[in-house]
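First comes the structure, then the notes that go with it.
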Amino acid sequence: MKARVLVVPEDFRQDQYVLKPLITALIEAAVGPGAVVRVCQDPLLGGVSEALKPARIREIVAKYQAMVDLILIIVDRDGEEGRRARLDFVEREAAPTGACALIAGEAWQEVEVWVLAGMTDLPKGWRWKEIRAERDPKERFFSPYAAQRGLAQSPYEGRDTLAREAARAYKRVRDRCEEVAALEARVRDRLLSPPAAR
1 MKARVLVVPE DFRQDQYVLK PLITALIEAA VGPGAVVRVC QDPLLGGVSE ALKPARIREI
61 VAKYQAMVDL ILIIVDRDGE EGRRARLDFV EREAAPTGAC ALIAGEAWQE VEVWVLAGMT
121 DLPKGWRWKE IRAERDPKER FFSPYAAQRG LAQSPYEGRD TLAREAARAY KRVRDRCEEV
181 AALEARVRDR LLSPPAAR
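Taking the working numbering, the leading residue of the sequence shown gets 1, the next gets one more, and so forth.
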């Protein structure tokens, strides 16, 4: 299946460089090669609070549902235990009509952790459980890692380069981040089921 997917991040300005390669790898693992993945840039949500408003997501659904098979909302968990319940609410309240599906996912604790999951050369003193539990892993782990790789001053602070590298190791990302594995399973289920069953 050549899935057409629109990824809706909480703020595309940095997240797009992480999400496009990793979500492309996720979609292709779920339903096969040939996925067309776009990152929503209109509207700019500008933060997680806007991405969690059903009215804002309904606007996006209304604008794009005829053009894609799946609208995928991805936000950072940011240590918020109630984030999953809020995403479930947004999915219900902003559900598309017709054949398009809407799925919302959360990155523990930020999307940059998915990038780190694909790396095999993290500093020896770093523990994966610590990275996953850290509320601000971008500042504590991702930025220092990008600097170690000589990418801190590169465009997008290394996100583009490192995310493409992580996407090539997608199985490792999925194995280390249970929310990625769960998201892949949901995507597979929704895209491979008949439209009437969605």
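Ideal Cβ positions, reconstructed from N, Cα and C, are used throughout, including at glycine.
Being a predicted model, the structure only gives us computed values, none of them experimental.
Within 10 Å of its beta-carbon, does residue i have 16 or more other beta-carbons around it, so buried, or fewer, so exposed?
i	result
Val36	exposed
Asp15	buried
Pro96	buried
Thr120	exposed
Pro82	Reading the sequence as shown, one finds Gly at residue 82 and not Pro. That one is exposed.
Pro9	buried
Tyr17	buried
Trp108	buried
Glu93	exposed
Glu59	exposed
Please identify the residue among the options whose C-alpha is closest to the C-alpha of residue i.
i	options	result
Arg176	Ile131, Met67, Pro33 and Arg159	Ile131
Lys53	Val75, Met119, Ala66 and Ala182	Val75
Leu19	Gln65, Ala182, Leu87 and Thr161	Thr161
Cys100	Ala66, Tyr17, Glu184 and Pro155	Ala66
Lys171	Glu59, Asp78, Phe12 and Ala25	Ala25
Arg77	Ala181, Glu112 and Glu184	Glu112
Ala181	Arg86, Arg4, Arg149 and Ile27	Ile27
Arg86	Ala51, Phe12, Glu110 and Glu59	Ala51
Ile73	Lys63, Glu80 and Val90	Val90
Trp114	Phe12, Arg159 and Gly34	Arg159
Arg208	Leu122, Ala147, Glu157 and Arg84	An answer regarding residue 208 cannot be provided, because it is not within the stretch 1 to 198 covered by the chain.
Residue i to residue j, Cα distance in whole Å?
i	j	result
Leu6	Ile71	5 Å
Leu116	Ala167	11 Å
Arg186	Ile103	8 Å
Glu178	Gln153	31 Å
Tyr145	Gly98	43 Å
Ile23	Lys124	28 Å
Ala163	Pro21	6 Å
Asp88	Glu106	11 Å
Pro155	Val61	31 Å
Val39	Ile57	14 Å
Gly118	Leu151	16 Å
Gly79	Ser49	14 Å
Val173	Glu110	13 Å
Lys63	Lys129	40 Å
Gln225	Arg84	Outside the shown range of the chain (1 to 198) lies residue 225, about which nothing can therefore be said.
Gly34	Glu184	16 Å
Ala55	Asp11	17 Å
Am I right that residue i and residue j are in contact with their C-beta atoms under 8 Å? What's the rounded C-beta distance?
i	j	result
Asp69	Leu191	6 Å
Trp126	Phe141	7 Å
Lys47	Met1	According to the sequence displayed, residue 47 carries Gly and not Lys. At roughly 33 Å, the Cβ-Cβ gap does not stay under 8 Å, so Gly47 and Met1 are not in contact.
Arg188	Ala30	4 Å
Do the region 43-59 and the region 132-148 touch if we need at least three Cβ pairs shorter than 8 Å? Segments in contact, no.
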